[in-house]
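Just so you know, the sequence shown maps onto residues 107 to 561 in the numbering used here. All C-beta atoms in this analysis are idealised placements derived from N, C-alpha and C, irrespective of residue type, glycine included.
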Amino acid sequence: MYAARDAGDEDRELLGRTGQGGVFSKGWVSEQPLAAYLGGGETARFVVANRRAGVERRGDAGVDRYRPGSGYRAFAVLTARRVLFVVGDGADSGDWSASIPYAELGAVDLRSGVFRQAFQFSTTSGVIWRFPVRDSDDLDRAAAYAKRAAGTWARVESRLNEASRAVVAVADYLDRGAHDRATAALERADESIDDARGALASFDDGIAPLARRVGNAEQRLRRARLDERVSRARRRIEAGESRWRDQAYDAAYGAFADAHDLYLAAVRIASDLPGNPEPGVGDLLAGLDRVQRKLGQLRRAPFRRARQLHERAEATADPELAADRWDETLEAYRTALVLDWGRDAKRFAGDRETVVTGVERAVEAIGRTRRTLADRATEAGDRHAAAGREERAREQYAAAADHLRRALAVAREYRPDRTGDLERRLAAVEAELDRHDRPAEDAEDESPGPVAGDG
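This is the structure in structure tokens:
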């Protein structure tokens, strides 16, 4: 004899009674009703019973059989979580019970005999449970339900285990600074959880424990994603500071902007997490505020540095040092000028006209200072040449040519209309340098010979 009940059509008498039957009456269980064996929120979907066969367990240690006592029955209850066996008066001191969680169920079969059938439940550990029942069409439905439930549990458990491993890997990758690998692990975990969620949704019966497990896995994934966002933000801040020190302002701005967006994402994630995540929303907002302050300082940095270099160059009395400092000043102004070139949204502070004026003054100062240095070197070269110190003369002429070339390079880029004087000066110095670079015998060969009539 068996009974089958679908969800929403539970038999209160079947689940709620105890007691011994007689020749013409059903028996139940002896101590507590079947409903007492069900956990919170657990519902019996199918219930099958037998009078004498009971339950058989086959394992490595042999075969064990649990048969009901006289007037009682054995029951197999299928819920969305497990297969539950209860055998009335099947133990030495009352009812006997055991259960197979679907997570441990490897296969479900309905074996046919001459007068009856038997459910066969094979576990992943190799134990086989048999529960004989009388033949009925509803048995196929019960077996199909158990197969779907076991398959759902197996798939969800497998995907959640994959997600768990991926989340653990995220922490390891972050510790090693391997952020791209951490992101890939997060994506794998997200895919696994999404697959688990889909498997659970495809099962036509709610499985609260699995739903909770999926929810918990989602929370762990969010926490791992929070850690990844914060770690990336800190790494981008380090990169921004490094680029800033190198005056690579555009790259520095991009790094800080990335950190800003990562902190914003982290704040949103932390706001949705239950309890008190670490770091908390307050800590993340403080980090976001620090990044915003750094961005504010960075916006002013290029023009501020150019002005500081300008003032330092103006205050430098030594022409050699001043020339180098004016070169730095020009480069700083040029950097400030082109940073936002072609951009609709302005990122860096500084009035364009003011920057252009700074460029013009630096160009003028470079030309003036380099010409002065070139004149001094040329005069020194002439004195050394007159005194016969050819090596010293060549050094001074070479220095003069170098100053003029550097001044000419700047003039050609910024003031091409004012290159004529520099080109003439450079040509004269190079000619003098060439004359003093030639060996003495070459110079003698070019000297005029005796004039006819002399002597």
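CA-to-CA distance, residue j to residue i, given in whole angstroms
i, j, result
"I234", "D333", "45 Å"
"E344", "G283", "12 Å"
"G145", "V189", "13 Å"
"L280", "R328", "15 Å"
"R247", "A339", "55 Å"
"G526", "R410", "34 Å"
"G386", "Q325", "15 Å"
"I565", "L316", "There is no way to answer for residue 565, as the model of the chain reaches only from 107 to 561."
"A451", "A486", "53 Å"
"R431", "E437", "10 Å"
"R319", "A224", "33 Å"
"L379", "R406", "37 Å"
"T230", "L211", "6 Å"
"L479", "A429", "9 Å"
"S264", "D301", "10 Å"
"R179", "R254", "27 Å"
"S468", "R530", "According to the sequence provided, residue 468 is Ala. The question's Ser does not apply to it. One C-alpha to the other measures close to 22 Å."
"G147", "R217", "31 Å"
"L445", "E519", "18 Å"
"T149", "L184", "9 Å"
"V516", "R449", "26 Å"
"V336", "A272", "18 Å"
"S377", "A249", "45 Å"
"R564", "D523", "With the chain covering only 107 through 561, there is no way to say anything about residue 564."
"H416", "I472", "12 Å"
"D481", "E496", "18 Å"
Selected residue, minimal CA-CA separation from residue i, among the options
i, options, result
"R158", "V239, Q403, D198", "V239"
"Y208", "A248, A224, D246, G257", "G257"
"F181", "A505, G200, L120", "L120"
"L245", "S270, V214, S264", "V214"
"R498", "L539, A533, R521", "L539"
"A361", "L401, S228, G393", "L401"
"R453", "Q414, Q398, Q502", "Q398"
"F309", "H416, Y251, R331", "Y251"
"V462", "P408, D278, A442, A307", "A442"
"A491", "R541, R524, A372, A513", "R541"
"T484", "Y503, F227, I472, R495", "Y503"
"A167", "Q126, N156, G232, R151", "G232"
"G456", "R512, G381, R413", "R413"
"S228", "D241, A288, G200, G165", "G165"
Residues near residue i by beta carbon distance below 8 Å, same chain, minus five either side
i, result
"D543", "R500"
"E268", "R294, A295, S298"
"R440", "V465"
"L266", "S298, I299, A302, R319, V320, A323"
DSSP-derived helix/strand/coil call for residue i
i, result
"G165", "strand"
"G283", "coil"
"R449", "coil"
"S199", "coil"
"A558", "Residue confidence is low: A558 scores 38 on pLDDT, short of 50, so the model does not pin down where it sits. Its coordinate-derived value is still stated next. Note: A558 maps to coil in three-state DSSP."
"F362", "helix"
"V444", "helix"
"V373", "helix"
"V183", "strand"
"L190", "strand"
"V129", "Low confidence applies here, because V129 scores a pLDDT of 47, under 50, leaving its location unreliable; read the following figure in that light. Coil, per DSSP."
"D356", "helix"
"S205", "strand"
"A250", "helix"
"A155", "strand"
"R173", "coil"
"E347", "helix"
"L144", "coil"
"E529", "helix"
Contact set for residue i: own chain, Cβ-Cβ below 7 Å, skip 5 residues either direction
i, result
"A204", "F191"
"G312", "A186"
"A358", "G346, R349, W350, L404"
"A507", "L532, V535, E536, L539"
"T475", "P425, A428, A429, W432"
"R418", "R431"
"V129", "For V129, the predicted model reports a pLDDT of 47, less than 50, meaning its position is unreliable; a value from the coordinates is still stated below. Excluding positions up to five away in sequence, the list is empty."
Other residues of its chain near residue i: CB distance less than 6 Å, five sequence neighbours each side excluded
i, result
"R305", "Sequence inspection shows Ala at residue 305; the Arg mentioned does not correspond to that position. Same-chain partners within the cutoff: T258, R261, V262."
"Y172", "G160, V161, V193, G196, W202"
"R98", "Outside the shown range of the chain (107 to 561) lies residue 98, about which nothing can therefore be said."
"G175", "D195"
"T124", "W134, V135, P139"
"D364", "R342"
"D562", "The structure shown does not extend to residue 562, since the chain is modelled only from 107 through 561, so no value can be given for it."
"A505", "A483"
Length at least 3, wholly inside the region 208 to 248: the beta strand (DSSP E) runs in chain order = Restricted to the region 208 to 248, the beta strand (DSSP E) segments that are unbroken, complete and at least 3 residues in length are 211 to 218, 222 to 229, 234 to 240, listed in chain order.
Enumerate, from N- to C-terminal direction, the unbroken alpha helix (DSSP H) stretches of 4 or more residues contained entirely within the region 253 to 322.
-> Residue ranges of uninterrupted alpha helix (DSSP H) with 4 or more members, entirely inside the region 253 to 322 and ordered along the chain, are 285 to 308.
At what residue ranges does the region 422 to 503 contain a whole run of the alpha helix (DSSP H), taking only runs of 4 or more?
-> Taken in chain order, the unbroken stretches of alpha helix (DSSP H) that lie wholly in the region 422 to 503 and span 4 residues or more are 425 to 444, 458 to 492.
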